[in-house]
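**Student:** Sharing a structure with you now.
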Amino acid sequence: MNQGVIKQLDFEDLLSLPSNMDPSSCHDALFSCWQDQQNCNPNEPSLFKALCCAYGWSYLCLGLLKVVNDLVGFAGPLLLNKSFLDTQYTFHLAKLKLKLRSSIMTVIYKKCLSVSLAEQAQFSSGEIQTFMSIDADRTVNLCNSFHDLWSLPLQIGVALYLLYMQVKFAFAAGVAITVLLIPVNKWISTLIAAATQKMMKQKDERIRRTGELLSHIRTLKMYGWELIFSNWLLETRSSEVQHLKTRKYLDAWCVFFWATTPTLFSLFTFGLYTLMGHQLDAATVFTCLALFNTLISPLNSFPWVINGLIDAFISTNRLSRFLRCPEHRHEQCAVGSSSLVSRSTNSQFCSDSMAVVMYDACCNWSSSNMQQLSPVIDHITLAIPKGSLVAVIGEVGSGKSSLLYALLGEMQLIHGSISSIGSVAYVPQVPWIMSGTLCENVLFGEKYDSKRYCDTLQACALDVDISLMAGGDMAYIGEKGINLSGGQRARLALARAIYRGSDILMLDDVLSAVDSQVAQWILNHAILGPLTERKTRVLCTHNAQAISLADMVVVMDKGYIRWVGSPADLTISQYSAFFSTMTLNTALESHDQEHEISSMRASEDLQQDNSSQLNAGEVQEIIEEEERKEGKVEFAVYRHYAAFSGWLVAVIIFLSAILMQASRNGNDLWLSYWVDTTRGGIKSASSTSFYLVVLCIFCIVNSILTLVRAFSFAYGGLRAAITVHEILLKRLIDAPVKFFNQTPSGRILNRFSSDLYTIDDSLPFILNILLANFVGLLGIAVILSYVQIFFLMMLFPFWYMYSKLQLFYRSTSRELRRLDSVARSPIYASFSETLDGSSTIRAFKSQNFFFTRFTEQIGLYQRTSLSEFTASLWLSLRLQVYPESVHILCQWDLFSSCFNFKNSQICESMMHQ
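Numbering-wise (full-length UniProt numbering), the sequence shown opens with residue 1 and increments by one.
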């Protein structure tokens, strides 16, 4: 806390994580329980049960602490133990929630690394990103709601018992109102659950479309299609908002019913009590009012608890469906197929000299298409000898890339078997480049070998490029290698595969991204060079020279292998015309060659670098560090949000909240007046009716104002959410290309997913609570000042203490909140990047390297969250202790001057302290 006052906080100032909160430990705890679930119930494993297995005991122990804390709350405000118990419970619950969040996020990430592209096809990219950005947090909120599910009824039950001790069976009228509202709220909760599911589906689709827009933003700007795709995205947002609107208005009804329950409770209870012939006295009235106030918090919280549980279980089911996907397997055998050896009739399929063997293999991209008549890969039998160069040729769409995906295990095998011997490296047709330096992309988690590294760069024609880069191979090449040319990206992906030294290289059309001279260099020095001459190479290509130098040629057509043989046999086969066309194209491309290949390579590299944005004139660091504001939140932020909601709506919300509290205070003052006027025992039926009618008027006015406030907040929050998204999207669409070069897409997606969800859902909820607490405190201050003038003398000294306390706290909390946002963005950027390159990561078997990198990012995020929670509890404890001092001093003044106060004033002052 002191550091936050002295200077701007940085990540080095954060609290260290306890060993049991380390992301790797959290992952292992949940993953082992999830595996047990899969073994016990293979068809329908439950993530909820796995969470209970991993953290249930710790959570139950916190439940015991909560029981004691809740019961102590009824013993009186003088017991400071409640403050310490409440702080302890909240602190340990926050730590458990952090562990739970870390476990879920790491398990989701690990699953993305383990699920094949065929299984991932069941989920859109937006849906998978929503799992990480939203569903993980909503599942963690289960910790908040689950204990409250029994704790709140316990608090309500104790309060009702104490009411019975005061007014006997008159409290049954209030109970009847509460019971009648239970089925109403249950029905509303069911509707909220349905609306939430529909909203989440639309949110998944919106995030998917946002990611797609970011991926092709340069093309859209080039063709001037920004408005078209902006409207395309707004269509999904409009559908999402419709379901959000339904949910918000249902929430408003839910809040209205529960917020008016205490007022209705007091009206019916006191009305029945007087109609039964009892006389109201100060002790009875204000003891009951204190108990009614005790009921307000659990009654108002209960709908949010129910909604939180519904949201948590919806998200848990969504995550369970994803986690149930089968793991990726490199060697596959379809269910019902016999073993490879027993099915083989040719000895070549049983030989140890084979690197890759496919036997009668049929593959599809999705398990839902397994019964289709025409698989993508259709009854292929192929044996590739070790150390050979195999050229896979065919027209566009003939299935060349799908063949490589099938060999990698990325497709769903529905018949036959596929196996390979040895490690694999893969270069996709569209190279996947991770954010980082050029050197990091080549090493890909491997140890640095200077000689092999230099030989690889030279073989892939990257040495001249690097010599021209500012920073050399340590230059930051941008997200997805956006600051490299297409040819440079292709050569970088090839260098990664060659440096790995795998037994099998699968190269998808790697020569098409470079010109003929560089292609010839790469073919001679990289694909056929000393670094790979003993490796098995499967090359999808249209390059005639590569085909002529291959040991085997495979001709693909519509998912079938039409022909297999040597290059010499190809020239006299029925596919010779296809080979002649490729030879002619190659000759046309290279007829102007006048120099040696090495000099041509240097010239080509210079041309590539001239077209590239990364050259000697630019700085090494391309990605801009995320900016975070310093100092207090500017007033303009609040003003903008009020403007987004609508100034008229904001005024209505504020006035309705003030008037609602005024009607509640008027209700208490009227009861005080009623008690004082009937204290002498003089009463009549007409006077009782008059008091009840006025009390009823206060109740009706309070209910109407509550309804206005609830629906105004729902409408204002929806309007702000719509406006913020529109402005955010317009700024994104209008941003120059330079912005997208310098800003990772994960950082942008964080704004459109997690941050926007906060504006859609969390911010209105928090503002509603803030406003309710503010007007509540204001109302209490007015009542105490009216009843007890001594309170005014205490008000200003304690106001000074509170202001100093909040200034001390806010300087730290603001920085922690900003650090938390900065630490969160790399998580989503890394996750989005991993989704795009998951097939490459699995082919290289680099899952552990990327998982370790991700856990480090999660660990930093955990530290910011832990520090933020600890700071907020530091403030919370002091905010609970300071009022006890006010209470003691006001009680002393009351009892020392008790003859100067009426009984109703004494009771009312004690109730509001």
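From the three backbone atoms N, C-alpha and C, an ideal C-beta is built for every residue, glycine too. All of these numbers come straight from a predicted model, not from anything done at the bench.
Of the choices 483, 497 and 699, whose alpha-carbon is the least far from that of residue 742?
**Tutor:** Here the question's residue 742 lines up with position 742 in the sequence shown. The shortest C-alpha separation from residue 742 is found at 483.
**Student:** Are the stretch 236 to 244 and the stretch 180 to 189 touching, with three or more C-beta to C-beta distances below 8 Å?
**Tutor:** With a cut-off of 8 Å, the stretch 180 to 189 and the stretch 236 to 244 do not count as touching, because too few Cβ pairs lie within range.
**Student:** Sort 323, 831, 474 and 248 by Cα distance to residue 760 and report the nearest one.
**Tutor:** The residue labelled residue 760 in the question sits at position 760 within the sequence shown. Residue 248 is the option with its Cα nearest to residue 760.
**Student:** Can you give the Cα-Cα distance for residue 455 and residue 396, rounded to whole angstroms?
**Tutor:** Position 455 of the sequence shown, counting from 1, holds the residue named residue 455. Position 396 of the sequence shown, counting from 1, holds the residue named residue 396. Answer to the nearest angstrom: the Cα atoms are 33 Å apart.
**Student:** With 16 as the cutoff for other CB atoms within 10 Å, does residue 712 come out buried or exposed?
**Tutor:** As a first step, residue 712 is located in the sequence shown; it is residue number 712 there, counting from the start. Counting Cβ neighbours within 10 Å, residue 712 comes out buried, since at least 16 surround it.
**Student:** Assuming residue 280 is part of the alpha helix (DSSP H), what are its boundary residues?
**Tutor:** Residue 280 sits at position 280 when you count from the first residue of the sequence shown. No alpha helix (DSSP H) contains residue 280, which DSSP labels as neither H nor E.
**Student:** Using DSSP bridges, identify the partner residues of residue 359.
**Tutor:** Along the sequence shown, one-based indexing puts residue 359 at 359. In DSSP, residue 359 forms a bridge with 417.
**Student:** Once DSSP output is grouped into helix, strand and coil, what is the label at residue 489?
**Tutor:** What you label residue 489 is simply residue 489 of the sequence shown in a count that begins at 1. Residue 489: helix per DSSP, three-state reduction.
**Student:** Find the nearest neighbour of residue 67 within the set 49, 50, 268 and 86, judged by alpha-carbon distance.
**Tutor:** Within the sequence shown, residue 67 is the residue found at index 67, counting from 1. Ranking 49, 50, 268 and 86 by Cα distance to residue 67 puts 86 first.
**Student:** Just confirm the distance between the C-beta atoms of residue 376 and residue 411, as a whole number of angstroms; I'd bet it's less than 8 Å.
**Tutor:** By 1-based counting over the sequence shown, the position of residue 376 is 376. By 1-based counting over the sequence shown, the position of residue 411 is 411. Between residue 411 and residue 376 the Cβ distance is about 7 Å, and since that is below 8 Å, they are a contact.
**Student:** Just how far apart, CA to CA, sit residue 257 and residue 710?
**Tutor:** Numbered from its first residue, the sequence shown carries residue 257 at position 257. Numbered from its first residue, the sequence shown carries residue 710 at position 710. So the two alpha carbons sit approximately 10 Å from each other.
**Student:** Using a threshold of 8 Å, state whether the C-beta atoms of residue 359 and residue 417 are closer than that.
**Tutor:** By 1-based counting over the sequence shown, the position of residue 359 is 359. By 1-based counting over the sequence shown, the position of residue 417 is 417. Their beta carbons are under 8 Å apart, which means residue 359 touches residue 417 by this criterion.
**Student:** Quick one: residues in its chain with C-beta nearer than 8 Å to the C-beta of residue 556, no 5 flanking neighbours on either side, listed in chain order?
**Tutor:** The count along the sequence shown starts at 1 and reaches residue 556 at position 556. The residues are 392, 393, 394, 398, 399, 400, 403 and 562.
**Student:** Residues in the same chain with beta-carbon distance under 6 Å from residue 837, minus the five sequence neighbours each way, listed in chain order, please.
**Tutor:** Counting from one through the sequence shown, the residue named residue 837 turns up at place 837. Only 432 meet the Cβ criterion.
**Student:** Quick check on this structure: which residue in 187, 443, 476 and 460 has the alpha carbon closest to the alpha carbon of residue 437?
**Tutor:** For this step, residue 437 is matched to residue 437 along the sequence shown. Minimum Cα distance to residue 437 is reached at 476.
**Student:** For residue 325, which three-state DSSP category applies?
**Tutor:** As a position in the sequence shown, residue 325 is number 325, starting the count at 1. If DSSP states are grouped into helix, strand and coil, residue 325 belongs with coil.
**Student:** With burial defined as no fewer than 16 other Cβ atoms inside 10 Å of the residue's Cβ, what is the status of residue 328: buried or exposed?
**Tutor:** In the sequence shown, residue 328 corresponds to position 328, counting from 1. Residue 328 is buried by the Cβ-count criterion.
**Student:** For the candidate residues 281, 785 and 117, whose alpha-carbon lies nearest to that of residue 363?
**Tutor:** Residue 363 sits at position 363 when you count from the first residue of the sequence shown. The shortest C-alpha separation from residue 363 is found at 117.
**Student:** Going by beta carbon distance, what residues of the same chain come within less than 6 Å of residue 656, once the five residues before and after it are set aside?
**Tutor:** One-based indexing of the sequence shown puts residue 656 at position 656. Excluding sequence neighbours, residue 656 sits near 705, 708 and 709.
**Student:** Is residue 799 buried or exposed, if buried means 16 or more other CB atoms sit within 10 Å of its CB?
**Tutor:** Locating residue 799 in the sequence shown gives position 799, counting from the first residue. Exposed: under 16 other Cβ atoms inside 10 Å.
**Student:** Measuring alpha carbon to alpha carbon, tell me which residue in 677, 863, 102 and 634 is nearest residue 16.
**Tutor:** Reading the sequence shown from its first residue, position 16 is the one you call residue 16. Here the closest residue by C-alpha is 863.
**Student:** If I'm right that residue 71 touches residue 92 with Cβ under 8 Å, what's the distance once you round it to whole angstroms?
**Tutor:** Indexing the sequence shown from 1 puts residue 71 at position 71. Indexing the sequence shown from 1 puts residue 92 at position 92. With a Cβ gap of about 18 Å, residue 71 and residue 92 do not count as contacting.
**Student:** Alpha carbon to alpha carbon, how far is residue 21 from residue 390?
**Tutor:** To locate residue 21, count along the sequence shown from 1; it is residue 21. To locate residue 390, count along the sequence shown from 1; it is residue 390. Looking at the two C-alpha atoms, the distance is approximately 50 Å.
**Student:** Which residue or residues does DSSP assign as beta-bridge partners of residue 385?
**Tutor:** Here residue 385 corresponds to residue number 385 of the sequence shown, with the count starting at 1. Answer is 354, bridged to residue 385.
**Student:** Spell out a yes or no on whether the stretch 102 to 116 and the stretch 715 to 735 are touching, meaning 3 or more CB-CB pairs, one atom from each, closer than 8 Å.
**Tutor:** Result no; under three Cβ-Cβ pairs closer than 8 Å.
**Student:** Would you call the stretch 420 to 435 and the stretch 832 to 850 touching, i.e. three or more CB-CB distances under 8 Å?
**Tutor:** The stretch 420 to 435 vs the stretch 832 to 850: in contact.
**Student:** Using DSSP bridges, identify the partner residues of residue 540.
**Tutor:** As a working note, residue 540 is residue 540 in the sequence shown. Answer is 392 and 508.
**Student:** Compute the distance between the beta-carbons of residue 663 and residue 690, then report whether it is under 8 Å.
**Tutor:** As a working mapping, residue 663 is identified with position 663 in the sequence shown. As a working mapping, residue 690 is identified with position 690 in the sequence shown. No, Cβ-Cβ distance for residue 663 and residue 690 is not below 8 Å.
**Student:** List in chain order: all unbroken beta strand (DSSP E) runs of 3+ residues lying wholly within the stretch 44 to 72.
**Tutor:** Listed in chain order, there is nothing to give.
**Student:** Exposed or buried, which one is residue 637 when buried takes at least 16 other CB atoms within 10 Å?
**Tutor:** Taking the sequence shown and counting its residues from 1, the one referred to as residue 637 is at position 637. Classification for residue 637: exposed.
**Student:** Should residue 346 be labelled buried (16 or more other beta-carbon atoms within 10 Å of its own) or exposed?
**Tutor:** Stepping through the sequence shown from its first residue, residue 346 is reached at position 346. Any reading at residue 346 must be qualified, since the residue scores a pLDDT of 43, below 50, and its modelled position is unreliable; the value itself is stated next. By the neighbour-count rule (16 or more Cβ atoms within 10 Å), residue 346 is not buried but exposed.
**Student:** Helix, strand or coil, according to DSSP, for residue 554 in the structure here?
**Tutor:** The sequence position of residue 554 within the sequence shown is 554, counting from 1. Strand, per DSSP.
**Student:** In terms of residue numbering, what span does the beta strand (DSSP E) encompassing residue 563 cover?
**Tutor:** Here residue 563 refers to the residue found at position 563 of the sequence shown. Per DSSP, residue 563 belongs to the beta strand (DSSP E) from 560 to 565.
**Student:** Quick check on this structure: which residue in 823, 809, 834 and 865 has the alpha carbon closest to the alpha carbon of residue 877?
**Tutor:** For the purposes of this step, residue 877 is taken as the residue at position 877 of the sequence shown. Taking only the C-alpha atoms, the option nearest residue 877 is 809.
**Student:** Roughly how many whole angstroms lie between the Cα atoms of residue 78 and residue 797?
**Tutor:** On the sequence shown, position 78 is the one that residue 78 refers to. On the sequence shown, position 797 is the one that residue 797 refers to. Low per-residue confidence applies at residue 78: pLDDT is 43, beneath 50, and the placement is therefore not dependable, though the value from the model is reported in the following sentence. About 21 Å.
**Student:** Would you kindly work out how many angstroms separate the C-alpha atoms of residue 778 and residue 197, rounded to a whole number?
**Tutor:** Here residue 778 corresponds to residue number 778 of the sequence shown, with the count starting at 1. Here residue 197 corresponds to residue number 197 of the sequence shown, with the count starting at 1. Taking the straight line joining both Cα atoms gives about 39 Å.
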